[in-house]
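Numbering (mature numbering (1 follows the signal peptide of the UniProt record, and there is no 0)), first residue to last: -22 to -1, 1 to 346. Glycine included, each C-beta is placed from N, C-alpha and C at the ideal position. The block underneath contains the structure these notes are about, expressed in structure tokens.
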Ligand SMILES: *[C@@H]1O[C@H](CO)[C@@H](O)[C@H](O)[C@H]1NC(C)=O
Ligand SMILES: *[C@@H]1O[C@H](CO)[C@@H](O)[C@H](O)[C@H]1NC(C)=O
Ligand SMILES: *[C@@H]1O[C@H](CO)[C@@H](O)[C@H](O)[C@H]1NC(C)=O
């Protein structure tokens, strides 16, 4: 029986988390640990937020033994994160449940994903007669009943193209069920599922005329979906109000079938992926002077990173450097480059960590 998760659980990895207290940059951690009954992360001693006040004892260090790093301690999660989490009744899936993805073939250029990669990816389905559907945008499953996408995927459609459904568990749009043949085995996924959307919530301050500020929307499904190896949520980063932090230099990933309202990207029947490097706000402002808080930029260096992906689809950061870390949704594909054949123009993404409070507040206000 194929189980990506069982393999993953054996591997200790290092992780990037966003700390909320003062330091807004993600810090690297090396797996989870417990401080008493509280969850913590193994981190370099100097990166732990409680570092100045706490004398880490040998018990704390023994929970985070590493042959490579000698100064790891079990650092509690920053209290702001916990306070934030307790504020809401409806919770998001936590790492371990979210962000699991197979990663057999690491990205080299825009290439086919494997059948189990990025199982949170959704295709948004539009119709004008309720009989025929077009997939024109992407989204990300973040909860059993919620998909996150771009506001422009929801608002800029022709009046007769209504967003009605979300397709989950899709890989090869020209076959069903999907099967992938590997050297020694063949993996088949259950048929994809199309789930009706019963509520669409666009960010109140979405302004397409202002460089697509607040290009974010939530879609509530009319039923909860069951998580499988092929349908799973992605993790969200911790909230941050940092203005300048942009993950500059981090290698991230985008994926999709080339579904976009901008008709720029190459279309593929099979889910594809590409690596894309985040760039600083300052260098992105050279290209997009009107960049606002809540946007980040990546790509522009290769054709793949400029052209791949679905509008509304995810910009993803894997939380480790070796294998099997959880994936975090760092961005939503917002503005594309107008020149898909050339390079040099980065893409603009809605920065998800800026909207965590909006996401949690909106989900909770619409939980019944
Ligand atoms: C990627 O998917 C396409 C579409 O099905 C297929 O034609 C192509 O052979 C695949 N490439 C690889 C390397 O499997
Ligand atoms: C996708 O499905 C089509 C039709 O069954 C098939 O020809 C193609 O090889 C499949 N692509 C991959 C990568 O398996
Ligand atoms: C969801 O939508 C489908 C199609 O309209 C409908 O048959 C089903 O009863 C709905 N489910 C719920 C839980 O409302």
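Taking 7 Å as the cut-off, is the beta-carbon of residue 245 closer than that to any non-hydrogen atom of ligand 1? Translated into the one-based positions of the chain shown, residue 245 becomes position 267. Result no, Cβ not under 7 Å from ligand 1.
On a CA-only basis, which of 18, 249, 89 and 211 is nearest residue 152? Give me that one, please. On the chain shown, position 174 is the one that residue 152 refers to. Scanning 18, 249, 89 and 211 for the CA closest to the CA of residue 152 turns up 249.
Where does residue 333 sit, in a helix, a strand or coil, going by DSSP? By 1-based counting over the chain shown, the position of residue 333 is 355. Residue 333: helix per DSSP, three-state reduction.
Counting only runs that start and end within the region 192 to 270, where is the alpha helix (DSSP H) found for 4 or more residues in a row? Assignment of alpha helix (DSSP H) within the region 192 to 270, counting only whole runs of 4 or more residues, yields 259 to 265 in chain order.
Identify the continuous beta strand (DSSP E) that holds residue 75 and give its terminal residues. Counted from its first residue, the chain shown places residue 75 at position 97. No residue range can be given for residue 75, since it is assigned to no beta strand (DSSP E) and is classified by DSSP as neither H nor E.
From 313, 168 and 196, residue whose alpha carbon lies closest to that of residue 122: Reading the chain shown from its first residue, position 144 is the one you call residue 122. The shortest Cα separation from residue 122 among 313, 168 and 196 belongs to 196.
Would the beta-carbon of residue 97 fall within 8 Å of that of residue 207? Sequence index remark: in the chain shown, residue 97 carries index 119 (1-based). Sequence index remark: in the chain shown, residue 207 carries index 229 (1-based). Taking a C-beta distance under 8 Å as the contact criterion, residue 97 and residue 207 qualify as a contact pair.
Alpha helix (DSSP H) containing residue 91: first to last residue? Position 113 of the chain shown, counted from the start, is the residue given in the question as residue 91. Per DSSP, residue 91 belongs to no alpha helix (DSSP H) and is neither H nor E.
For residue 304, three-class secondary structure by DSSP: By 1-based counting over the chain shown, the position of residue 304 is 326. Here residue 304 sits in coil by DSSP.
Looking only at its chain, what residues have a beta carbon closer than 7 Å to the beta carbon of residue 185, apart from the 5 residues adjacent to it on each side? Locating residue 185 in the chain shown gives position 207, counting from the first residue. A distance below 7 Å between beta-carbons, with the five flanking residues on each side excluded, links residue 185 to the following residues of its chain, in chain order: 191 and 192.
Looking at C-alpha atoms only, which residue of 253, 236, 327 and 255 is the closest neighbour of residue 270? Stepping through the chain shown from its first residue, residue 270 is reached at position 292. When only C-alpha atoms are compared, the closest one is 327.
How about the region 221 to 233 and the region 253 to 271: do they share at least three Cβ pairs that are nearer than 8 Å? The region 221 to 233 vs the region 253 to 271: in contact.
Would you say residue 163 touches ligand 2, meaning its beta carbon is less than 7 Å from a heavy atom? Taking the first residue of the chain shown as position 1, residue 163 is located at position 185. Checking every heavy atom of ligand 2 against the Cβ of residue 163, none is found closer than 7 Å.
Neighbouring residues (CB closer than 5 Å to any heavy atom of ligand 2): Having a Cβ closer than 5 Å to some heavy atom of ligand 2 are 150, 152, 153 and 248.
Could you check how far apart the C-beta atoms of residue 77 and residue 304 are, in whole angstroms? I think they sit under 8 Å. Counted from its first residue, the chain shown places residue 77 at position 99. Counted from its first residue, the chain shown places residue 304 at position 326. Residue 77 to residue 304, Cβ: 3 Å. Contact.
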